[in-house]
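Sequence lines, in order, name chains A and B.
Residue 298 in the working numbering is what sits at position 298 of the first sequence, and the numbering runs on without skipping anything.
Count along the second sequence from 1, then add 362; that gives the number in the working numbering.
Where is the CB? At the ideal position from N, CA and C, for every residue including glycine.
Comments concern the structure below.
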Amino acid sequence: MAFSIYDFTTTTKAIDLFLNDIMSPFWATVTELVIVGVVFLAFYALVGLYLVYAERKICGFIQCRVGPNRVGPYGFFQTIADLIKLLMKELVYIKNADKILFNVAPFIVIITSFLAISAIPFAKGLHAMDFNIGVFYIMAVSSIGVIGILLAGWSSNNKYSLIGAMRSGAQIVSYELSVGLSLITMCVLAGTMQFSEMIEGQRDLWFIFKGHVPAVIAFLVYIIAGTAETNRGPFDLPEAESELTAGFHTEYSGIKFAFFFLAEYMNMFLIACLATTVFWGGWMPLHIPGWETFNHVMDYIPPVIWFIGKTVVVIYIIMWFKWTFPRLRIDQLLTLEWKYLLPINLINVLLMAFIVLMGWSL
Amino acid sequence: MSEETKILNTEQQEYTINMGPQHPSTHGVLRLVLTLRGEIVQKVQPHCGYIHRGIEKMCEKLTYPQTIHLTDRLDYLSAHINNHAVCLCVENALQVEVPERVKYIRTIMDELTRIASHQLFWACFGMDLGGLTCFFYGMRDREYILDIFEETTGGRLIQSYYTPGGLMNDIHPNFQKRVKEFIKKFRKVLPEYDQLLTGNVIFKNRTKGVGILSKEDAVSFGVTGPSGRGSGFSCDVRKHSPYSMYSKVNFKEILFPEGDCFARYMIRMDEMRESMNIIEQLIDNIPEGTHTAKMKAVLKLPEGEYYQRVEATRGEFGVFIVSKGDKYPYRLKLRSPNFSNLSALDTMCRGSKIADLVATGGSLDYVIPDIDR
């Protein structure tokens with residue numbers, strides 16, 4: 001097969017064998033963990049920075065302006081300059097703030113998003129962990145993030161932060177349901193929760209086409225709920241700068257603020273990655289049953305390109321509606337979830353199960 | 363549970379927060395002390411005075427032509443219209459008839475100011491509700507009007523263009539051409555505003571039925587301008603006591619009976635169209651002539667009391683002058699629309715959410731220097 005040249009399994013296997021050759025299995029595992037950790041950390045920082053840059057450029061494009069264009073060509077190093085600025089800024093300590101919780105909160109937020117990203121397969125063999133409960137793992141880990149936000153709001157000794165945190169709690173807990181249920185719908189179709197198997201299952205056709213109507217509904221619900229879960233507009237109530245100045249991170253400064261900021265973008269990236277993997281075939285190229293030549297040509301495009309391309313499209317959609325829609329009110333937000341998305345989702349799961357049982361999926 | 367404990371419990375559940383003086387959605391240095399219960403607003407207490415400059419008092423030591431430089435700075439988004447009121451008041455007291463040309467130009471300038479102000483309202487209202495893109499679109503289109511102002515008056519925000527008896531200087535030769543260009547352009551752009559915000563489901567949910575002000579309340583609080591007309595209170599000074607050219611042009615007074623944020627918003631959207639109609643009726647017919655009437659070097663108003671009201675962009679703006687026959691006014695009282703409009707905020711917001719308070723405040727479109735003076 002053409003894309004075996006893009007298979008990373010052989011490379012990773014070779015590294016594993018080599019390390020096991022030169023040291024004991026324990027130290028080999030430790031070394032591998034360190035390598036993976038460093039690679040992910042670098043990747044994480046880079047993606048975070050360039051998502052911020054992308055957002056500023058895209059919002060500039062939508063708002064008829066240029067966006068950052070001073071630091072480097074097309075302002076390419078703007079976010080790096082911003083990061084340096086944030087690193088050098090003073091960390092302001094708040095009087096009467098709960099010091100421990102105040103300091104721990106940003107780390108909880110950033111670590112959870114970091115943990116979740118590690119289960120995403122970027123290409124064949126290019127993922128840190130391949131659980132048999134991959135979807136479940138991501139859901140579980142990413143929902144810890146809300147604790148960080150709640151702690152941040154609670155420990156800041158600021159009423160605005162508290163309102164923001166409480167809003168965030170209500171919002172994330174509600175929308176977690178919709179995200180979970182729409183992913184369950186796809187798990188029913190895939191018959192597995194393991195990402196690698198899920199992607200293999202999309203070899204002939206992506207799930208969004210395979211599962212026709214219920215898959216499309218699940219995708220729409222997932223995108224809406226996913227945006228809400230990452231606290232981005234139009235669901236950015238926890239920060240709602242025209243109401244709560246900056247919501248739960250009002251009192252944070254310097255690099256701690258940057259952690260919240262980065263975690264928000266990484267959560268968006270995670271949501272987009274998950275959408276890509278579960279609905280749009282992950283790194284799997286576009287295959288249409290019966291079109292052999294077409295499928296063969298598609299195989300020559302590297303899977304990483306496929307993955308990034310799809311993710312970028314999803315991220316663009318998420319950014320697009322952030323910059324065009326006004327913000328919802330808290331009661332409307334919860335109404336949307338509990339009265340519309342959740343019932344739709346529950347029926348959708350049944351519909352999907354029915355379709356799978358009848359063997360109607362393409 | 364006894365009645366006392368109940369009251370105690372309710373009071374314990376309430377907390378206050380300061381919204382402002384520095385807050386993104388108060389549009390300036392306004393401080394609102396909110397009493398909240400969860401997210402429900404129990405009470406709104408506006409505290410003004412953070413940008414008080416004592417303009418009324420300062421006017422007592424300034425001659426009448428100098429006064430207009432201060433009235434500019436009240437509601438800086440309707441600078442021309444504020445000046446119009448002062449000029450009319452002085453002219454009426456002196457019984458000076460200004461040339462027709464001046465009346466035409468003043469009316470056109472007033473309506474351009476109104477459009478610019480409503481554009482900014484649209485921009486900020488969108489931003490208050492979280493639609494950040496609106497801000498840039500509104501600002502972009504307002505720029506055309508500011509350029510027109512700059513060319514003729516030399517100023518962009520505060521122009522001090524009118525003077526008792528006429529205008530500071532004549533219009534720029536390009537004025538008519540550029541105004542017509544602007545109207546042509548803006549007629550195309552205005553539907554974009556509707557596409558981006560008016561038709562949006564979230565926007566409708568956020569504004570319809572929110573911050574309701576009944577007609578009776580509007581009258582008793584003296585809420586005028588688009589905010590009053592949004593409650594069905596017919597209060598357009600241009601219709602009820604026309605000044606300058608308003609008696610000779612055709613335009614509708616736009617009224618919406620609902621009294622919610624959406625009605626106040628729609629009033630402003632429709633008023634922009636009406637303003638363009640008014641300008642179109644006048645712009646080609648500006649008569650030739652001088653740009654100022656013959657005035658004495660030192661203006662001394664005969665002893666007495668004079669009042670003039672005009673329709674500023676946010677409501678009825680009134681100037682009340684008490685003269686002792688001096689070259690300075692004995693007392694100059696300004697009736698600023700925003701002050702009265704703000705007083706209704708508490709009534710409109712009780713029992714609603716914080717987000718509704720922001721929406722309601724945005725729909726009142728207050729300008730803080732006008733409140734504090």
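In this structure, the beta-carbon distance from P326 (chain A) to L491 (chain B) falls below 7 angstroms.
In this chain, the alpha helix (DSSP H) harbouring V213 (chain A) covers 212–229. For F307 (chain A), there is no enclosing beta strand (DSSP E); the enclosing alpha helix (DSSP H) has its first and last residue at 303–324. Cβ atoms of S589 (chain B) and L726 (chain B) come within 8 angstroms of each other, at about 5 angstroms.
Collapsing the DSSP output to three states places Y300 (chain A) in coil. Within the same chain, Cβ atoms closer than 7 angstroms to the Cβ of F294 (chain A) are found at I288, the five residues on either side in sequence being excluded. The beta-carbon of G680 (chain B) is placed no less than 7 angstroms from the nearest beta-carbon of chain A.
About 4 angstroms separates the Cβ atoms of T475 (chain B) and H442 (chain B), confirming a contact at the 8 angstroms cut-off.
By the neighbour-count definition (other C-beta atoms within 10 Å, threshold 16), T469 (chain B) is a buried residue. Taken through DSSP and simplified to helix, strand or coil, F354 (chain A) comes out as helix.
Counted as a single uninterrupted DSSP element, the stretch harbouring L439 (chain B) is not any alpha helix (DSSP H), since DSSP gives it neither H nor E. Judged by pairs of C-beta atoms under 8 angstroms, the segment 492–512 of chain B touches the segment 547–560 of chain B, as three or more such pairs exist. Shortest Cα-Cα distance from E636 (chain B) to any of B:Y608, B:Y523, B:S440, B:R568 involves B:Y608. DSSP places Y377 (chain B) in the strand class (E or B) of the three-state scheme.
Closest by C-alpha distance to V188 (chain A), out of A:S174, A:G169, A:A215, A:F209, is A:A215.
For the segment 189–202 of chain A, the set of positions with a beta-carbon nearer than 8 angstroms to some beta-carbon of chain B is empty. At a cut-off of 7 angstroms, the C-beta of I62 (chain A) has a neighbouring C-beta in chain B. Residue range 666–674 is occupied by the beta strand (DSSP E) that includes A674 (chain B). Of the residues A:F136, A:Y50, A:F248, the one whose Cα lies closest to the Cα of L83 (chain A) is A:Y50.
For chain A, none of the residues of the segment 672–697 of chain B brings a beta carbon within less than 9 angstroms of one of its beta carbons. Taking 7 angstroms as the CB threshold, K159 (chain A) lines the interface with chain B.
P699 (chain B) counts as buried, since at least 16 other C-beta atoms from the protein chains shown sit within 10 angstroms of its C-beta. F701 (chain B) has its alpha-carbon roughly 19 angstroms from the corresponding atom of M420 (chain B). For P25 (chain A), the three-state secondary structure derived from DSSP is helix. C-alpha of N531 (chain B) to C-alpha of K610 (chain B): approximately 24 angstroms in a straight line. Residue state for F257 (chain A) is assigned as helix, using DSSP reduced to three classes. Taking a contact as a CB-CB distance under 8 angstroms, the pair T586 (chain B) and V464 (chain B) does not count as one, their CB atoms being some 26 angstroms apart. Within the same chain, R232, G233 come within 6 angstroms of K322 (chain A) by CB-CB distance, once the 5 residues on both sides are set aside. At a cut-off of 7 angstroms between C-beta atoms, I477 (chain B) does not count as an interface residue with respect to chain A. A Cβ-Cβ contact shorter than 7 angstroms links R697 (chain B) with G680 (chain B). Here the segment 660–680 of chain B makes contact with the segment 447–462 of chain B; the two share three or more CB pairs at distances below 8 angstroms.
K465 (chain B): member of the alpha helix (DSSP H) spanning 462–490, first to last residue. Across the set B:I379, B:Y728, B:A447, B:G416, the C-alpha of B:I379 shows the shortest separation from the C-alpha of Q407 (chain B).
The shortest CA-to-CA distance from G148 (chain A) to any of A:S161, A:I138, A:G226 is the one to A:S161. Chain B places no beta carbon closer than 7 angstroms to that of E176 (chain A), leaving this residue out of the contacts. Per DSSP, reduced to three states, the secondary structure at T654 (chain B) is strand.
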